[in-house]
Amino acid sequence: MTGGAGFIGSAFVRLVLEEQPDVSIVDYDALTYAGNLENLAGVDGTRHTFIKGDICDREAMLAAVPDGCDAIFNFAAESHVDRSIHSADEFLRTNVIGTQVLLDAARAKGVRRFVQISTDEVMGTLPDDSDDYFTEASPLQPNSPYAASKAAAEFVVRAAQETHGVDAVITRCGNNYGPRQFPEKLIPLMIANAMNDEPLPVYGDGRNVRDWIYVDDHCRAIWSAYENGRSGEAYNIGSRNEQENINVVKAILDALGKPHDLIKYVTDRLGHDRRYAIDPAKVETELGWKPQTTWENGLAATIKWYQENQSWVNHIRSGEYKEYYKAMYGTALG
Ligand code: NAD
Ligand code: TYD
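Written out as structure tokens, the structure is:
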């Protein structure tokens with residue numbers, strides 16, 4: 011797998027090692043600002059090998075794929091929309107060229123299956139208050155540079171399948187939340203700021219809708235797609251849990267016993283997608299997958315994790331993050 015020191019990748023490592031006793035993982039990750047070896051603390055080192063490397067480095071990538079490797083899971087990516095608006099270069103390099111390099115390595119090593127971790131954002135945005143949902147038949151209409159790079163990666167995977175016969179499946183999940191998410195994303199940013207009594211910056215009118223899923227549920231769906239998904243298919247993954255941003259932010263403040271006047275409405279994100287909502291009927295019926303974590307339980311567990319792991323948050327907030335935050339929000343963190 012690639013990207014196993016990030017948020018979702020590290021959750022996938024833990025889950026697979028726990029639930030699949032015969033599986034060993036080689037975890038290839040560049041340790042960018044979002045990669046963090048602390049995310050892998052306590053992981054069983056006998057079945058998990060970490061290699062630091064760039065997915066675009068052809069030679070290193072090829073050398074990292076072990077002989078007899080059954081599957082490659084591609085989690086590695088630049089993943090934050092706001093950063094892609096500021097500068098898209100690294101998104102195209104890692105997310106598109108990196109995926110091509112990895113596909114070439116998979117072919118050269120005779121890997122049986124390639125699993126591309128994509129996102130619902132490739133399908134663009136849905137209107138407010140409609141009965142529309144993203145299905146596997148929805149057109150790819152990405153609106154942010156991040157989403158465009160992930161859509162391009164899907165096409166690169168498709169081309170490898172059609173041209174070279176690579177066995178590939180694509181998963182498209184909605185917004186994840188859970189422990190160890192980098193606090194540039196909505197939920198951990200709001201938890202960290204609320205814990206520190208800093209303002210909570212809500213974009214626009216706060217009524218954009220995201221379809222939230224607990225990270226372990228996403229990881230189980232990825233495993234199902236690897237085991238039972240049909241080659242060449244995409245699978246949309248979601249928990250039927252649409253929430254307006256402002257309600258998410260208020261729920262976090264309430265859980266932490268903090269006042270709502272910490273909320274600060276700020277200038278909207280450029281090209282801000284209004285609503286994401288996934289119809290997960292295909293993963294439910296074809297793969298027999300169902301989410302196990304309710305929104306209430308998942309959010310409570312997530313907040314508890316951040317409360318109990320403040321040193322993890324403080325390490326991040328003390329580094330490059332301070333500069334990012336100042337440039338992004340125009341105010342310094344305390
Ligand atoms: P993340 O930013 O937390 O982690 C990304 C990881 O990739 C990091 O460990 C980083 O070091 C690594 N990486 C980045 N560039 C690399 C490179 N050039 N070579 C090797 N490693 C590199 O991201 P995440 O939230 O864990 O997302 C993982 C995947 O899931 C991404 O592909 C993302 O597009 C997808 N996804 C995320 C969400 C979400 O809500 N976070 C939803 C759907 C899909
Ligand atoms: P984010 O976590 O960046 O995920 P994505 O843009 O990939 O869906 O943002 C989730 C929603 O929260 C999105 O509508 C933008 C909004 N948002 C804020 O209102 N304030 C913030 O500081 C951030 C980071 C996001």
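Just so you know, we're using the numbering used here here: the sequence shown kicks off at 11 and counts up by one.
Every residue gets a Cβ at the ideal spot worked out from N, C-alpha and C, and that includes glycine.
Nothing here was measured: the structure is a model prediction, and the numbers come from that model.
### Message
For ligand 1, is there any heavy atom lying closer than 6 Å to the beta carbon of A98?
### Response
no
### Task
Report the three-state DSSP secondary structure of R123 (helix, strand or coil).
strand
### Query
Measuring CA to CA, which of S34, R279, N49 and T304 is closest to H96?
R279
### Query
Which of the three DSSP states, helix, strand or coil, is assigned to E69?
helix
### Task
Just the C-alpha distance for H179 and N246, rounded to the nearest angstrom, thanks.
The displayed chain sequence assigns Val, not His, to residue 179. Cα to Cα, the separation comes out at about 11 Å.
### Continuous beta strand (DSSP E) assignments of at least 3 residues falling wholly in the segment 272-300
273-276
### Message
ligand 1 and G248: does any heavy atom of the ligand fall closer than 6 Å to the residue's C-beta?
### Response
no
### Task
Could you check if D264 is buried or exposed, using at least 16 other CB atoms within 10 Å of its CB as the buried criterion?
exposed
### Task
On a CA-only basis, which of L309, Q320 and R240 is nearest E296? Give me that one, please.
R240
### Task
List in chain order: all unbroken beta strand (DSSP E) runs of 3+ residues lying wholly within the segment 246-275.
252-254
### Task
Run through the segment 136-222 for me and flag every whole alpha helix (DSSP H) of 4 or more residues, listed as ranges in chain order.
155-174 and 196-205
### Query
Short check: CB of F101 to CB of S159, under 7 Å?
yes
### Message
Quick check on DSSP: helix, strand or coil for F101?
### Response
helix
### Query
Would you say R220 touches ligand 2, meaning its beta carbon is less than 6 Å from a heavy atom?
yes
### Message
Buried or exposed for T59, going by 16 or more other Cβ atoms inside 10 Å?
### Response
exposed
### Task
Put D54 into one of helix, strand or coil per three-state DSSP.
coil
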